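Written below as structure tokens is the structure these notes are about.
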Amino acid sequence: MAQDQKPEGERIAKLLARAGVASRREVERMIADGRVSLHGKVLETPATIIPTLRGVAVDGKPVGKADRTRLFAFHKPTGLITAEHDPRGRPTIYTALRNALPKDAGRVMPVGRLDLNTEGLLLLTNDGEFKRAMELPASGIPRTYRARTFGEVTQAQLESLIDGITIEGIRYGRIDANMERSTGRNQWIELTITEGKNREIRRVLEHLGLQVSRLIRTGYGPFAIGELARGQATEIPKQQVERFRSGLKRR
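Mapping to UniProt numbering: the sequence shown position 39 is 39, numbers consecutive.
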């Protein structure tokens, strides 16, 4: 007797994430909320296997085929929320991105977040699956920051962060921190982390007795902010994106 053949294709949540609708986790929530349909029938499970997105609609609107994965680097200024909408009416990154991104960029999603008062490199992609892979702590992607601080701290204290630190019951993993320059009680400190917990850099530095007056993300994995002007965006070349993505899959 012949064995049952597995249906050809991929999970619909994965395909919708790749098409830039949302991250896979967000797509699964959309399906649970009854917002996704296939040939007019509302889907009940994200485990549905399909070969293409033909016949798929979200909120009643047909979904087009997935574009190639694109990645943009944006120099986020302070004062912008890393979100599409803010209930309090504060300006978001999309306010600036309207003019910064090329007209054919389509819908893009931020990779991780930067706080309202944190500036610097923010990556954006049209591929929800790629976004999720870059955000996962298990991927171990280094994020590098420069912090301007006020107070007293020694290089030895900074080096002790290499073993991680627990603050108010929250464990922060390895932090590679070095004094960049110091003038009196003012310092510039460079820090590299791989977890990216909420407000991690600020909380760790404040725990050391420092006041953080400026925080800039300068790097995310192999991508650096370089000379990119504040408020501007640039597309990362396809070859660099594919090389980085293939490395992510091997982790």
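No residue lacks a Cβ here, since even glycine has one placed at the ideal position from N, Cα and C. The model shown is predicted, which means the values in this text are computed figures rather than measured ones.
Quick check on residue i: buried or exposed, where buried means 16 or more other Cβ atoms within 10 Å of its Cβ?
{"i": "Q187", "result": "buried"}
{"i": "F150", "result": "exposed"}
{"i": "T166", "result": "exposed"}
{"i": "D104", "result": "exposed"}
{"i": "T154", "result": "exposed"}
{"i": "N126", "result": "buried"}
{"i": "E28", "result": "buried"}
{"i": "G209", "result": "exposed"}
{"i": "G128", "result": "buried"}
{"i": "V42", "result": "exposed"}
{"i": "P137", "result": "exposed"}
Round the Cβ separation of residue i and residue j to the nearest angstrom and send it over; I've been treating them as touching at under 8 Å.
{"i": "I49", "j": "E10", "result": "7 Å"}
{"i": "L121", "j": "I225", "result": "4 Å"}
{"i": "G20", "j": "G79", "result": "That belief does not hold up - the Cβ atoms of G20 and G79 are roughly 27 Å apart, past 8 Å."}
In the structure shown, what three-state DSSP assignment does residue i receive?
{"i": "A233", "result": "strand"}
{"i": "G247", "result": "helix"}
{"i": "L124", "result": "strand"}
{"i": "N198", "result": "coil"}
{"i": "R214", "result": "strand"}
{"i": "V204", "result": "helix"}
{"i": "P137", "result": "helix"}
{"i": "E152", "result": "coil"}
{"i": "V63", "result": "coil"}
{"i": "R54", "result": "coil"}
{"i": "I81", "result": "strand"}
{"i": "R68", "result": "coil"}
{"i": "I225", "result": "coil"}
{"i": "R35", "result": "coil"}
{"i": "R11", "result": "strand"}
{"i": "T48", "result": "coil"}
{"i": "A96", "result": "helix"}
{"i": "K103", "result": "coil"}
{"i": "V27", "result": "helix"}
{"i": "A19", "result": "coil"}
Any heavy atom of the ligand NAP within a distance shorter than 7 Å of the CB on residue i?
{"i": "L161", "result": "The model on display carries no ligand, and the ligand NAP is accordingly not part of it."}
Could you pull the DSSP bridge partners for residue i from this structure?
{"i": "P110", "result": "L124"}
{"i": "N178", "result": "E190"}
{"i": "S160", "result": "Paired residue(s): none; S160 is not in a bridge."}
{"i": "T166", "result": "R171"}
{"i": "G219", "result": "T144 and A224"}
{"i": "K76", "result": "G120"}
{"i": "V241", "result": "According to DSSP, which records beta bridges pairwise, V241 is partnered with nothing at all."}
Within 8 Å (strictly less), CB to CB, does residue i reach chain C?
{"i": "D176", "result": "Among the protein chains of the structure shown there is no chain C, as only one such chain exists."}
(Q) Below 8 Å, how does it come out for the segment 91-98 and the segment 59-69: are there three or more Cβ pairs, yes or no? (A) no
Q) Using 8 Å as the threshold, is the segment 10-21 in touch with the segment 31-50, meaning 3 or more CB pairs across them? A) yes
Q: Determine contact between the segment 32-49 and the segment 197-204, defined as no fewer than three beta-carbon pairs at a distance below 8 Å.
A: no
Q.
Three or more C-beta pairs under 8 Å: does that hold for the segment 126-146 against the segment 215-232?
A. yes
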